[in-house]
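Numbering (my numbering), first residue to last: 515 to 901. Even for Gly, the Cβ is constructed at its ideal location relative to N, Cα and C. Before any comments, here is the structure.
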């Protein structure tokens with residue numbers, strides 16, 4: 515069992531390890547920045563790459579103690595769990611197919627897990643990981659970072675408050691263009707390899723973000739879907755475009771589009787929710803604004819930390835209105851929410867009830883979504899149930 519006492523030499527910061535995320539890994543750098551923005555963590559150990567040579571080179575570049583640079587995550591978990599100053603939490607930022615094995619090693623030793631999405635590359639592993647997480651005393655946090663944006667928290671609060679009434683229609687899309695042509699560099703190679711990414715391509719990489727965002731904001735539970743997935747690039751083994759119709763419990767209907775072959779789209783995540791009393795609209799590329807339209811009234815713009823923004827958004831904000839906050843700050847909000855829960859666990863207390871982060875159950879729903887999309891598309895876009 516990992517020692518979780520306060521380490522005064524780190525000023526009480528959470529002792530953090532990392533699996534994956536070496537020198538040439540984009541998302542590893544994002545996680546490290548996010549963990550440090552609010553000064554809640556200190557990176558002290560890592561198994562940063564799939565080979566010892568790359569792992570140790572990355573650790574040296576980050577200034578880690580060579581004794582705490584590990585050849586692999588199994589060795590890291592074993593040694594760190596038995597150190598008096600061992601890590602309290604680990605960030606897992608590997609390709610999808612490694613999430614399950616790495617998470618198990620740390621959960622079983624009582625070390626909190628902060629894992630990149632999707633939860634796992636297969637539904638079978640996702641279901642097993644849920645059981646492991648539920649049996650562990652450690653916390654499991656999934657970094658669906660878009661749920662950390664202030665105006666997404668604002669939208670969630672407004673819907674819960676009944677501001678747009680009973681939800682009827684949900685539309686969410688996440689198009690990109692970076693895989694429009696065949697690409698063989700590292701980030702593209704593993705994301706288009708079903709052995710490493712899982713059965714879903716764009717559905718797993720960005721479709722799960724869109725699905726999670728819609729679910730978080732609305733609070734709706736997906737009941738069934740019909741998916742039409744394409745692999746437009748010749749030879750590509752996973753989908754690079756998907757159109758999905760969704761039926762939610764309670765009667766609401768939804769549409770989701772995810773694509774990585776849409777020229778002119780960079781990271782165009784958008785969400786629109788319509789109820790019987792009004793509608794909301796948010797765009798990730800302009801994240802400090804939320805459009806609210808009560809039925810029959812003029813459209814209203816709510817700005818981050820501006821007039822009309824409530825406590826839920828304010829908790830996630832750092833700067834006055836007009837100073838843009840975006841991707842890194844939203845990511846940092848997930849890390850800070852996780853830190854609040856981890857520190858409460860360390861002290862044997864309960865975290866603030868407002869603390870919210872994606873859990874292993876949210877991860878399971880995401881993998882169930884991918885699985886359902888693949889099954890539906892293989893059956894000529896037939897309606898399939900979730901789970």
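Between residue 619 and residue 587, how many whole angstroms is the CB-CB distance? I'm expecting something under 8 Å.
Indeed, because the Cβ distance is near 6 Å, the residues count as touching under 8 Å.
Within 10 angstroms of the Cβ of residue 777, are there 16 or more other Cβ atoms? Answer buried if so, exposed if not.
exposed
Extent of the continuous alpha helix (DSSP H) to which residue 670 belongs
664-674
The beta strand (DSSP E) with residue 784 in it runs from where to where?
784-789
When you compare only the Cα positions, how much space is there between residue 761 and residue 800?
28 Å
Complete runs of the alpha helix (DSSP H) confined to the stretch 825-900 [at least 4 residues]:
825-828, 841-861 and 874-892
How far does the beta strand (DSSP E) with residue 817 in it reach, from first residue to last?
814-817
Got a sec, what are the start and stop residues for the beta strand (DSSP E) residue 806 sits in?
In the DSSP assignment, residue 806 falls within the unbroken beta strand (DSSP E) covering 803-808.
Taking the runs of the alpha helix (DSSP H) that are 4 residues or longer, which of them lie wholly in the stretch 668-745?
700-705, 708-711 and 722-732
Locate the alpha helix (DSSP H) running through residue 649, then write down its first and last residues.
From DSSP, the alpha helix (DSSP H) with residue 649 extends over 637-649.
Cβ-based neighbour list, residue 524, same chain, cut-off 6 Å, excluding 5 preceding and 5 following:
Cβ contact annotation for residue 524 (same chain, cutoff 6 Å, sequence separation greater than five): 556, in chain order.
Please go through the same chain and pick out, in chain order, the residues whose beta-carbon is closer than 6 Å to the beta-carbon of residue 685, but skip the five residues on each side of it.
Cβ within range, chain order: 769 and 786.
Quick one: grab the DSSP three-state call for residue 533.
strand
Is it right to say residue 833 is buried, meaning 16 or more other beta carbons lie within 10 angstroms of its own, or is it exposed?
exposed
Let's test the definition: count the other Cβ atoms within 10 Å of the Cβ of residue 719 and tell me whether it reaches 16, buried, or not, exposed.
So residue 719 ends up on the buried side.
Taking Cβ positions, are residue 549 and residue 806 nearer each other than 8 Å?
no
So, do the stretch 707-726 and the stretch 640-654 have three or more beta carbon pairs nearer to each other than 8 Å?
They do not touch, by the three-pair rule.
Cβ-based neighbour list, residue 858, same chain, cut-off 7 Å, excluding 5 preceding and 5 following
864 and 865
Note down the Cα distance separating residue 906 from residue 811, rounded to an integer number of angstroms.
Any property of residue 906 remains undetermined from this structure, which presents the chain solely from 515 to 901.
Shortest alpha-carbon distance to residue 484 belongs to which of 862, 656 and 608?
The displayed coordinates of the chain run from 515 to 901. Any statement about residue 484 would go beyond what the structure contains.
In angstroms with no decimal places, state the Cα-to-Cα distance between residue 721 and residue 577.
36 Å
Can you name, in chain order, every residue of its own chain whose Cβ lies under 8 Å from the Cβ of residue 856, other than the five neighbours on each side?
528, 602, 603, 626 and 653
Chain-order list of residues whose beta-carbon lies under 7 Å from that of residue 802 (same chain, five-residue window excluded)
665, 817, 818, 838 and 839
Distance CB(residue 711)-CB(residue 635) smaller than 8 Å:
yes
Would you decide whether residue 885 is buried or exposed? Buried here means 16 or more other CB atoms lie within 10 Å of its CB.
buried
Taking 7 Å as the line, does the beta carbon of residue 818 fall inside it for any heavy atom of the ligand GTP?
The ligand GTP is not part of the structure shown, which contains no ligands of any sort.
With DSSP as the reference, label residue 555 as helix, strand or coil.
Strand at residue 555.
Using beta-carbon positions only, say whether residue 898 and residue 633 come within less than 8 Å of one another.
no
I believe residue 708 touches residue 751 by the beta-carbon criterion, under 8 Å. Please report the beta-carbon distance rounded to the nearest angstrom.
The Cβ separation is near 5 Å, so the contact holds.
The beta strand (DSSP E) enclosing residue 757, as first and last residue numbers:
755-762
Length of the line joining the Cα atoms of residue 645 and residue 820:
42 Å
Identify every run of the alpha helix (DSSP H) within the stretch 559-643, keeping only runs that are complete inside it and at least 4 residues long; order them along the chain.
566-576, 587-595 and 613-621
When 861, 579, 526 and 564 are compared against residue 539, the one with the closest alpha-carbon
564
Specify, as a first and last residue, the run of the beta strand (DSSP E) that residue 811 falls within.
No beta strand (DSSP E) contains residue 811, which DSSP labels as neither H nor E.
Please state the DSSP three-state secondary structure of residue 656.
strand
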